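K.L.:
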Amino acid sequence: DVKVTQSSRYLVKRTGEKVFLECVQDMDHENMFWYRQDPGLGLRLIYFSYDVKMKEKGDIPEGYSVSREKKERFSLILESASTNQTSMYLCASSLGDRVLYFGPGTRLTVT
Amino acid sequence: DQQVKQNSPSLSVQEGRISILNCDYTNSMFDYFLWYKKYPAEGPTFLISISSIKDKNEDGRFTVFLNKSAKHLSLHIVPSQPGDSAVYFCAAILNSGGSNYKLTFGKGTLLTVNP
């Protein structure tokens, strides 16, 4: 079974803080993705990566950055958290068979 | 510009009946489609997919139909069970033949199956 883990299920941060969301997959997948889910907006792609040290902007990259130093790990960074970044963050990975495997999500609240 | 649309935010059906979830897309270059199911506080899980060269794919109680001329796909669940109650997301891929691709998701439809 593919396993995608995210470092925290729930996180509360203050406005202006730097926030790190970590994602690890154990299946040697090349592709990794960060999405956020908001009510009425569905799943929106923030950043993705096809290989180590590679990154591509998704549909809503503003206010975020990413890091992929190792194949199994893909980090999402909020440089200066804002209240409009309160959301459910979902990490996913895939091997190239077009199916994404998602982690359990991190519910981030920025106060 | 929303390229994948799920126009029904919610759907309620009786246990044992058919659930039909709909999805429309605007980009004719999408060539692979997937359905995901999501329970609260969990990540989405893959349900079923279909390539644009097919018009139907079936897996147990789940069947996906694709109408390319109408740019429309639907997910049929027969018979519906209370455990099917979840949010269902439709997703599409552009030029899925390569190893590098991304999924574009719809906004989701909340299905409630009443006992």
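First to last, the sequence lines map onto chains A and B.
Each residue of the first sequence is one higher than the last, beginning at 28 in the numbering used here.
Each residue of the second sequence is one higher than the last, beginning at -11 in the numbering used here.
Beta carbons are placed, not taken as given, at the ideal position from N, Cα and C, and that holds for glycine.
Here the structure is a predicted model, which means the values were calculated and not measured.
Apart from the five residues just before and just after Lys97/A, which ones in its own chain have a Cβ nearer than 8 Å to its Cβ?
P.N.:
Val79
K.L.:
Using a beta-carbon distance below 7 Å, is Pro131/A in contact with chain B?
P.N.:
For Pro131/A, the nearest beta carbon of chain B is closer than 7 Å to its own beta carbon.
K.L.:
In angstroms with no decimal places, state the Cα-to-Cα distance between Gly4/B and Val46/A.
P.N.:
46 Å
K.L.:
Can you give the Cα-Cα distance for Tyr24/B and Val66/B, rounded to whole angstroms?
P.N.:
Distance between the alpha carbons of Tyr24/B and Val66/B is about 17 Å.
K.L.:
Classify Pro103/B as buried or exposed, calling it buried when 16 or more other Cβ atoms lie within 10 Å of its own Cβ.
P.N.:
exposed
K.L.:
Do the region 54 to 70 of chain B and the region 11 to 31 of chain B meet, that is, are 3 or more Cβ pairs less than 8 Å apart?
P.N.:
yes
K.L.:
Below 8 Å on C-beta distance, what does Phe75/A contact in chain E?
P.N.:
Annotation note: the requested chain E is absent from the structure, which comprises protein chains A and B.
K.L.:
Ends of the beta strand (DSSP E) at Gln52/A?
P.N.:
First-last of the beta strand (DSSP E) with Gln52/A: Val46 to Gln52.
K.L.:
In chain B, which residues lie with their C-beta within 9 Å of the C-beta of Leu72/A?
P.N.:
Lys90, Leu91, Thr92 and Phe93
K.L.:
Against chain A, does Tyr20/B count as a neighbour if the rule is that its beta carbon must be under 7 Å from one of theirs?
P.N.:
yes
K.L.:
Count the other C-beta atoms from every protein chain shown that fall within 10 angstroms of the C-beta of Pro(-3)/B, then say buried if there are 16 or more, exposed otherwise.
P.N.:
That one is exposed.
K.L.:
Would Trp61/A and Tyr74/A qualify as a contact pair, given that the criterion is a beta-carbon distance under 7 Å?
P.N.:
yes
K.L.:
Is it buried or exposed, Ser121/A, if we count other Cβ atoms within 10 angstroms and call 16 or more buried?
P.N.:
buried
K.L.:
Please name the residue or residues paired with His60/B in a DSSP beta bridge.
P.N.:
Asp12/B and Asn55/B
K.L.:
Judging by CA-CA distance, which residue of Ser92/A, Ala119/A and Gly123/A is the nearest neighbour of Pro131/A?
P.N.:
The shortest C-alpha separation from Pro131/A is found at Ala119/A.
K.L.:
Compare the Cα-Cα distances from Leu99/B to each of Asp72/B, Asn83/B and Cys78/B and report the closest residue.
P.N.:
Asp72/B
K.L.:
In or out: Ser109/A buried (at least 16 other Cβ within 10 Å) or exposed?
P.N.:
exposed
K.L.:
Residues of chain A with CB closer than 7 Å to the CB of Gly135/B, please, in chain order.
P.N.:
Not covered by the structure: residue 135/B. The range shown for chain B is -11 to 103.
K.L.:
Could you check whether the Cβ of Val126/A sits closer than 7 Å to any Cβ belonging to chain B?
P.N.:
yes
K.L.:
Is any beta-carbon of chain B found at less than 7 Å from that of Gly43/A?
P.N.:
no
K.L.:
Closer than 7 Å by C-beta to Ser0/B: which residues in its own chain qualify, once you throw out the five before and the five after it? Chain order, please.
P.N.:
Thr100 and Asn102
K.L.:
For Leu38/A, which residues in the same chain have their Cβ closer than 8 Å to its Cβ, ignoring the five residues on either side in sequence?
P.N.:
Val46, Leu48, Thr133, Arg134, Leu135 and Thr136
K.L.:
With 7 Å set as the bound, which would you pick, yes or no: does the beta-carbon of Phe53/B sit closer than that to a beta-carbon of chain A?
P.N.:
no
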